[in-house]
Every structure is written in structure tokens, then in C-alpha cells.
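Chain order of the listed sequences is P and F. Residue 494 in the working numbering sits at position 132 of the first sequence, and the numbers go up by one each step. Residue 699 in the working numbering sits at position 337 of the second sequence, and the numbers go up by one each step.
There are 2 protein chains.
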Amino acid sequence: MVKMKKTMLACMLGSLAYMAGGYAVAQDKAAEATERYKPNHELIVAVEPAVGQDPGQVELGKKLWFDPRLSRSGFISCNSCHNLSMGGSDNLPTSIGHNWQEGPINSPTVLNSSLNFVQFWDGRAADLKEQAGGPIANPMEMAFTHDLAVEILESIPAYKEEFKKVFGKDEITIDEITQALASFEETLVTPNARFDLWLKGDDNAINDQELRGYLTFKNSGCVACHNGVAVGGNTFQKMGVIEPYVTDNESAGVAGVTGNDIDRMRFKVPTLRNVELTYPYFHDGAANTLAESVDIMGRLQLGRKFTENEIEDIVAFLKTLTGDQPQLVMPILPPSSDLTPRAKPFD
Amino acid sequence: MVKMKKTMLACMLGSLAYMAGGYAVAQDKAAEATERYKPNHELIVAVEPAVGQDPGQVELGKKLWFDPRLSRSGFISCNSCHNLSMGGSDNLPTSIGHNWQEGPINSPTVLNSSLNFVQFWDGRAADLKEQAGGPIANPMEMAFTHDLAVEILESIPAYKEEFKKVFGKDEITIDEITQALASFEETLVTPNARFDLWLKGDDNAINDQELRGYLTFKNSGCVACHNGVAVGGNTFQKMGVIEPYVTDNESAGVAGVTGNDIDRMRFKVPTLRNVELTYPYFHDGAANTLAESVDIMGRLQLGRKFTENEIEDIVAFLKTLTGDQPQLVMPILPPSSDLTPRAKPFD
Numbered sequence: 363m364v365k366m367k368k369t370m371l372a373c374m375l376g377s378l379a380y381m382a383g384g385y386a387v388a389q390d391k392a393a394e395a396t397e398r399y400k401p402n403h404e405l406i407v408a409v410e411p412a413v414g415q416d417p418g419q420v421e422l423g424k425k426l427w428f429d430p431r432l433s434r435s436g437f438i439s440c441n442s443c444h445n446l447s448m449g450g451s452d453n454l455p456t457s458i459g460h461n462w463q464e465g466p467i468n469s470p471t472v473l474n475s476s477l478n479f480v481q482f483w484d485g486r487a488a489d490l491k492e493q494a495g496g497p498i499a500n501p502m503e504m505a506f507t508h509d510l511a512v513e514i515l516e517s518i519p520a521y522k523e524e525f526k527k528v529f530g531k532d533e534i535t536i537d538e539i540t541q542a543l544a545s546f547e548e549t550l551v552t553p554n555a556r557f558d559l560w561l562k563g564d565d566n567a568i569n570d571q572e573l574r575g576y577l578t579f580k581n582s583g584c585v586a587c588h589n590g591v592a593v594g595g596n597t598f599q600k601m602g603v604i605e606p607y608v609t610d611n612e613s614a615g616v617a618g619v620t621g622n623d624i625d626r627m628r629f630k631v632p633t634l635r636n637v638e639l640t641y642p643y644f645h646d647g648a649a650n651t652l653a654e655s656v657d658i659m660g661r662l663q664l665g666r667k668f669t670e671n672e673i674e675d676i677v678a679f680l681k682t683l684t685g686d687q688p689q690l691v692m693p694i695l696p697p698s699s700d701l702t703p704r705a706k707p708f709d
Numbered sequence: 363m364v365k366m367k368k369t370m371l372a373c374m375l376g377s378l379a380y381m382a383g384g385y386a387v388a389q390d391k392a393a394e395a396t397e398r399y400k401p402n403h404e405l406i407v408a409v410e411p412a413v414g415q416d417p418g419q420v421e422l423g424k425k426l427w428f429d430p431r432l433s434r435s436g437f438i439s440c441n442s443c444h445n446l447s448m449g450g451s452d453n454l455p456t457s458i459g460h461n462w463q464e465g466p467i468n469s470p471t472v473l474n475s476s477l478n479f480v481q482f483w484d485g486r487a488a489d490l491k492e493q494a495g496g497p498i499a500n501p502m503e504m505a506f507t508h509d510l511a512v513e514i515l516e517s518i519p520a521y522k523e524e525f526k527k528v529f530g531k532d533e534i535t536i537d538e539i540t541q542a543l544a545s546f547e548e549t550l551v552t553p554n555a556r557f558d559l560w561l562k563g564d565d566n567a568i569n570d571q572e573l574r575g576y577l578t579f580k581n582s583g584c585v586a587c588h589n590g591v592a593v594g595g596n597t598f599q600k601m602g603v604i605e606p607y608v609t610d611n612e613s614a615g616v617a618g619v620t621g622n623d624i625d626r627m628r629f630k631v632p633t634l635r636n637v638e639l640t641y642p643y644f645h646d647g648a649a650n651t652l653a654e655s656v657d658i659m660g661r662l663q664l665g666r667k668f669t670e671n672e673i674e675d676i677v678a679f680l681k682t683l684t685g686d687q688p689q690l691v692m693p694i695l696p697p698s699s700d701l702t703p704r705a706k707p708f709d
């Protein structure tokens with residue numbers, strides 16, 4: 363009973379800080395995202411295949427996604443850190459940026475990222491389009507500028523033509539670049555996870571252990587934050603509610619955006635979809651395994667020490683959240699022209 | 363006439379040094395490779411689709427090709443420097459290796475590399491299988507060891523199972539890893555270049571300028587070295603026959619293998635297939651454009667100053683060597699297990 367109270371307190375604190383952060387618009391978006399999917403008696407909602415994207419934008423966005431010419435080195439593309447062969451992540455604690463710089467935070471998966479209520483761990487981008495411009499110009503990541511990225515694309519005849527065809531404009535701007543990237547990213551949802559099939563009525567889609575794991579996950583309070591269509595991604599919460607989270611990582615969380623001290627160590631709850639593929643875990647990538655992560659979450663967020671069996675069950679449940687991975691034909695990128703500025707990665 | 367003599371002299375010197383280098387076996391392989399393809403009245407032979415590879419090895423090799431866990435950082439895969447979205451190259455002067463080290467030489471394209479008589483610029487690997495082990499263990503490149511790469515794969519259940527299925531053995535060794543990679547690479551040929559269609563009798567496959575460019579290419583002696591099915595890739599030749607090639611690059615060429623001073627600045631002639639996509643050019647990646655490359659080659663190798671028109675024609679011809687690029691569905695890589703050693707890219 364005491365434990366349950368602590369859990370409720372944690373959630374209420376989360377919600378209060380969340381409102382204080384002024385993310386009312388974001389909250390609407392989360393509700394809207396869930397609305398698009400079938401409601402269910404459970405707090406977790408099945409994800410459905412993406413619909414409605416502009417095919418031209420998606421194809422162009424796919425090229426840009428894989429194009430390292432959007433980075434200063436000519437070596438790093440979106441896919442370098444959000445690798446679609448590896449659950450849309452890089453499976454590193456924190457990412458490698460320009461000149462092998464150590465990134466400040468774990469790369470979140472791009473899979474199902476359209477279902478997040480805001481983007482980045484600290485929610486500093488409202489949507490995927492706004493997010494997409496970030497890494498290109500971040501000196502720790504792709505280390506380029508939007509102007510130079512535009513200059514590169516403008517110098518490549520096949521890109522020029524494709525932008526014109528897709529957007530109907532003579533000039534390429536960062537606006538079209540990020541719009542195309544966002545449209546591509548919106549297609550990267552992963553339907554047909556076994557747990558979704560179970561939600562839809564196929565009782566045999568998960569086994570007894572997985573079901574037991576789900577019930578423990580639900581009844582112990584994990585689902586208070588990890589819910590909705592993304593099984594997360596729809597609120598900010600403090601990392602370390604009952605006990606503080608010990609880390610060398612200096613990320614300030616939402617406080618970096620709001621400037622409010624109460625938002626320190628507050629982060630967007632990550633999606634648990636495909637979590638089997640997106641190790642290591644937490645914003646600092648410090649937890650190598652799901653078992654370790656579940657143990658830490660139980661103690662720090664819920665004040666509950668899961669038994670080994672409970673952890674095994676929950677991990678088994680979490681692995682039922684792996685959905686169909688995007689089957690992508692690698693794009694063939696249009697070659698640079700003689701006028702395209704050449705990358706000088708060692709300058 | 364004087365110029366023609368110089369050209370012949372250059373080719374003879376090349377052949378002599380080649381024989382002196384003791385690459386008789388390699389020469390047989392080049393002949394064999396050409397034999398697989400339809401003979402033609404021209405010195406250039408059309409490339410045909412790959413046949414005969416073991417499908418299981420190819421699929422496994424494709425996964426390994428895209429798997430950065432074969433590198434110490436967990437960040438660099440084969441595809442990082444031989445990007446199949448970019449003509450099988452990285453479009454950088456020299457490659458970026460572990461810890462952002464500057465590589466010593468331009469990454470050659472993997473496309474049609476099975477048609478090369480030996481592998482690497484200096485021919486230090488006899489075939490693709492031998493080549494594949496090099497970058498994994500090269501401290502300037504993927505900076506791993508074969509033993510650690512094997513340890514990683516052994517710890518991943520789905521890989522373990524796939525190796526067993528494909529090779530019928532209980533243990534994974536570097537031998538199977540490189541064999542699978544080589545089998546995948548053998549599929550990366552690019553048939554149906556417009557020039558190949560022309561070789562096969564379609565007179566309309568290339569236009570007048572392209573044909574003129576080809577005739578200049580042939581009649582001025584370029585074809586003496588750039589011939590066969592790969593339009594190169596079947597002899598070593600000295601870079602800088604008539605005039606020395608000036609470069610900051612310290613690669614010794616074949617001399618690094620043979621220890622013979624006569625082999626300094628001698629390199630495997632690169633394939634010209636897909637050369638439109640594989641900029642920048644030469645072993646040091648110092649030439650940014652095809653026009654610049656043709657000009658330099660004419661002066662240094664043939665003692666001939668091509669006119670601007672001739673250069674434009676030859677460049678137009680070279681672009682007819684772009685063939686069908688491999689259409690690859692990106693593999694979904696099997697996730698690491700709890701026992702898989704985690705990469706520490708910043709240690």
C-alpha cells in the first residue's frame with residue numbers, strides 16, 4: 363500500500379511538472395496520436411501501419427536519410443546513429459559525432475518516433491520536422507550548417523529535380539529537407555508486434571510467461587508511464603523518483619529547455635516498442651541489458667524490488683513488443699556534380 | 363608517332379614489372395574472369411549478372427557487410443567506407459577509420475571488385491575472401507581483431523544459428539566470416555551499363571559524343587590499361603609514366619608488398635565501371651572530377667595533352683559505364699544477447 367502510494371505520487375509529480383513545463387499543446391498531440399489507433403481495454407494500444415504520407419516526400423526523405431553529404435565530414439548520415447538495421451538506434455551508450463566526439467546522450471530510436479508527443483529526450487523539438495534540423499547543425503553531431511547542406515543539395519542536379527517535382531519550388535530550403543525527412547520517418551512504424559496481436563484478440567500470440575510479465579508490468583505500475591500506442595513517449599517523467607539515479611552523464615533533461623530546476627533529470631519517457639533491439643538503455647545508455655533496466659526502474663521509479671522471476675517475466679513481455687521492422691530498399695544516391703563542394707573530413 | 367611509342371613503352375614497362383612482381387597466378391585469374399564474359403571485338407567486355415553464389419552465404423554476408431559490431435567501436439561497418447548507396451565507395455579522398463583516423467589511401471569501390479585480378483590498390487590480397495579480413499583487423503580502419511569479431515558473433519544466437527545452417531559447423535571462425543562476405547561481394551556486379559548495351563549491338567545505347575569519347579579513349583591508349591570486363595583491375599601499372607605524379611600521399615604501392623623499389627608508385631589499375639559515382643579519383647583521392655582525372659592521366663601516362671573537347675567526350679563516354687546498381691533490401695541485424703561484449707567507442 364505504501365508502495366502504491368509512492369507510485370501514484372511519482373506519477374502525480376510527473377504530471378504536475380509536466381503541466382508546469384507548458385507542454386499543453388504536446389499533450390494534445392499525444393492524445394491525437396493515440397486516437398488514430400484502436401482503443402482497447404488495456405492502457406497499451408496496438409500500432410498500425412503508417413498511412414497518408416506523400417510518397418514523393420517519403421522517397422526523397424529516404425535518400426536524405428542515408429546521405430552523409432548532409433554532414434560536414436561527408437561520412438555521417440541520419441542512419442549512422444539511428445541505424446534501421448539495428449532497431450533505429452546505434453546500440454552505443456552515447457553516439458559518435460563529427461571528429462569522433464562523444465555525444466551527450468543516448469540516441470533514441472527513430473522507429474515509431476512519430477508517435478512521441480515531442481522529440482528529443484528533453485522535448486526541445488515539437489515534431490519530427492523540427493527535430494530533423496537539429497543533428498545536421500549540431501557541432502557535436504553532423505557539425506554542418508543548414509546553409510551548407512542546402513548548397514550541397516542545390517549543386518546535385520538529380521536532387522534539384524526531385525525537390526522541384528516533390529515540392530514544386532525552384533529553390534531547396536532547409537524547410538523542404540526536414541519536411542521530406544519527417545515524412546520518411548513517419549513511415550517507420552513497426553506494426554504486428556506479438557503483443558499487438560494479443561491486444562487484438564489472438565490469445566496464442568504470447569505465451570504464459572510473457573502474459574505473466576505483462577500483468578506484473580501493468581499491476582506494479584510500469585504502465586503508468588509506459589502506456590499508449592508507443593508504450594511511452596507521451597509524458598515527461600523524472601528519472602529517479604524514489605531513489606536518485608546515479609550517473610556521470612550531465613544531461614539536464616527538460617530543465618535544459620525550461621530553465622526550471624524542478625525539471626532536472628526529467629526526460630521524455632522512451633518508447634518500449636522494439637526495446638529488445640535498442641540497447642543500451644536510459645538517457646545515458648548505462649544499462650546494458652533489459653534485466654538490469656527493469657531492476658533499476660522498479661527500484662528507482664516504483665520503490666519495488668522485483669524478484670528474479672518477475673524480471674525474467676517482464677523481459678519476456680518486453681520482447682513481445684518487437685514489431686515488423688521496415689523493409690527498405692537502400693536508395694541509390696544521386697552523384698555530386700563537378701560543382702558540389704567536396705567534404706574535407708580531416709580539416 | 364613519338365607519343366605512340368611512349369605509350370607502348372609505358373605499357374611494356376608495366377608488363378615487365380608486373381611479371382617481375384611474381385603475379386603469374388593473378389594473371390591467370392584475370393584471364394579467367396574475362397573468359398566468363400562474352401568476348402568482343404573491343405578490348406572492353408560487357409559485365410554480366412553474378413551467377414553461382416551460395417544464397418545462404420550471400421544473405422549472411424549481407425548482414426555481416428552492414429554490421430558495425432565487426433569493428434572495435436561498434437560504429438564502422440564494411441558499408442561505412444564502401445557505401446552501396448554511393449557507388450560502393452565513400453566519396454572521400456581517404457577514409458575515416460577508428461577514432462577518426464585519416465586513412466592512407468582512397469577506398470576503392472566494392473562494385474565489380476570480384477572482377478579484379480587481385481584486391482587492394484597494392485594487390486596484397488589474392489581475392490575477396492582474403493581482402494575481407496584486412497579492414498576488420500587494421501588498427502587504422504575497424505581496429506578490431508579477428509578473435510574479438512568471432513567472439514561477438516558467437517554470442518549472438520541468431521548469427522550462431524545462421525552460420526551453422528550455412529556452413530554446417532558448430533564454431534564460427536574468421537574463415538566463414540570472410541567467405542560469407544566474399545560471396546555477398548561477388549553479387550555486387552553492375553550489368554546493363556549503356557556502354558555494355560552498345561557492345562552487345564544496340565547502336566542507340568550511346569550517343570555521338572559518347573562514341574567519340576570512346577574512340578578517343580581507345581585510340582589514344584587509355585584502353586591499354588583500362589580494358590577487360592572491369593575496364594581496369596587486371597594489371598599493376600605505374601602512376602606517373604611520362605611525368606612523375608606529385609602527391610603528399612605516402613603509399614608505396616606494390617613496393618610495399620614486394621619490397622622492390624621498381625614497384626614504387628605502382629598500383630592496381632582501378633576499374634572504370636561506375637566511375638561517375640566513385641569520385642574523388644586516384645589512390646590519393648586528389649582529383650575531384652573526371653575532367654581533371656582524364657587530363658592528368660593523358661599527360662602523365664600517355665604524354666598527351668587532351669583538348670577540352672576531347673576531355674568532355676571522354677568524360678561523356680566514362681559516364682556510359684554506370685551500370686545497374688545493386689538493389690538491396692537492408693538487412694535487419696540480429697540483436698546482441700546479454701552476453702555480447704558491448705562496444706566502448708571512446709576507450
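Ideal Cβ positions, reconstructed from N, Cα and C, are used throughout, including at glycine.
When we look at the beta-carbon of residue i and count the other beta-carbons within 10 Å, is it buried (16 or more) or exposed?
i, result
"residue 337 of chain P", "Past the edges of chain P, shown from 363 to 709, lies residue 337 of chain P, and the structure says nothing about it."
"residue 581 of chain F", "exposed"
"residue 577 of chain F", "exposed"
"residue 413 of chain P", "exposed"
"residue 538 of chain P", "buried"
"residue 374 of chain F", "Residue placement at residue 374 of chain F is flagged as unreliable, the pLDDT there being 44, under the threshold of 50; the coordinate-derived value follows with that caveat. When all chains shown are included, residue 374 of chain F counts as exposed."
"residue 590 of chain F", "buried"
"residue 657 of chain P", "buried"
"residue 569 of chain F", "exposed"
"residue 667 of chain F", "exposed"
"residue 703 of chain F", "exposed"
"residue 628 of chain F", "buried"
"residue 531 of chain P", "exposed"
"residue 633 of chain P", "buried"
"residue 681 of chain F", "buried"
"residue 528 of chain P", "buried"
Please name the residue, chosen from the options, that lies closest to residue i on a Cα-to-Cα basis.
i, options, result
"residue 442 of chain P", "P/567, P/493 and P/497", "P/497"
"residue 690 of chain F", "F/563, F/549, F/671 and F/591", "F/549"
"residue 686 of chain P", "P/659, P/653 and P/409", "P/409"
"residue 490 of chain F", "F/637, F/519, F/540 and F/682", "F/540"
"residue 516 of chain P", "P/701, P/578 and P/706", "P/701"
"residue 404 of chain P", "P/573, P/674 and P/625", "P/573"
"residue 433 of chain F", "P/427, P/449, P/416 and P/453", "P/453"
"residue 503 of chain P", "P/461, P/694, P/608 and P/476", "P/461"
"residue 650 of chain F", "F/468, F/425 and F/435", "F/468"
"residue 698 of chain P", "P/518, P/609 and P/624", "P/518"
"residue 555 of chain F", "F/683, F/704, F/708 and F/693", "F/683"
"residue 647 of chain F", "F/415, F/470, F/429 and F/425", "F/470"
"residue 557 of chain P", "P/571, P/545 and P/544", "P/571"
"residue 438 of chain F", "P/421, P/500 and P/459", "P/459"
"residue 599 of chain P", "P/608, P/588 and P/455", "P/588"
"residue 665 of chain F", "F/584, F/534 and F/695", "F/584"
"residue 535 of chain F", "F/510, F/545, F/553 and F/547", "F/510"
"residue 499 of chain F", "F/563, F/428 and F/440", "F/440"
"residue 604 of chain F", "F/565, F/614, F/635 and F/661", "F/661"
Helix, strand or coil for residue i, going by three-state DSSP, please let me know.
i, result
"residue 598 of chain F", "strand"
"residue 464 of chain P", "strand"
"residue 705 of chain F", "coil"
"residue 445 of chain F", "strand"
"residue 592 of chain F", "coil"
"residue 629 of chain P", "strand"
"residue 689 of chain F", "coil"
"residue 406 of chain P", "strand"
If residue i and residue j are in contact, beta carbons under 8 Å, what's the gap, nearest whole angstrom?
i, j, result
"residue 551 of chain P", "residue 474 of chain P", "5 Å"
"residue 631 of chain F", "residue 652 of chain F", "Not a contact, Cβ separation roughly 16 Å."
"residue 678 of chain F", "residue 594 of chain F", "Not a contact, Cβ separation roughly 18 Å."
"residue 463 of chain F", "residue 542 of chain F", "No, residue 463 of chain F and residue 542 of chain F are not in contact; Cβ-Cβ is about 27 Å, not under 8 Å."
"residue 514 of chain P", "residue 431 of chain P", "5 Å"
request  = May I have a chain-ordered list of the alpha helix (DSSP H) segments no shorter than 4 residues that lie completely inside the region 475–517 of chain P?
outcome  = As far as the region 475–517 of chain P is concerned, its whole alpha helix (DSSP H) runs of at least 4 residues are 490–499 and 508–516.
key: 4-residue-minimum alpha helix (DSSP H) runs that sit fully inside the region 602–672 of chain P, ordered along the chain   = Counting whole runs of 4 or more residues, the region 602–672 of chain P contains the alpha helix (DSSP H) stretches 617–620 and 652–659.
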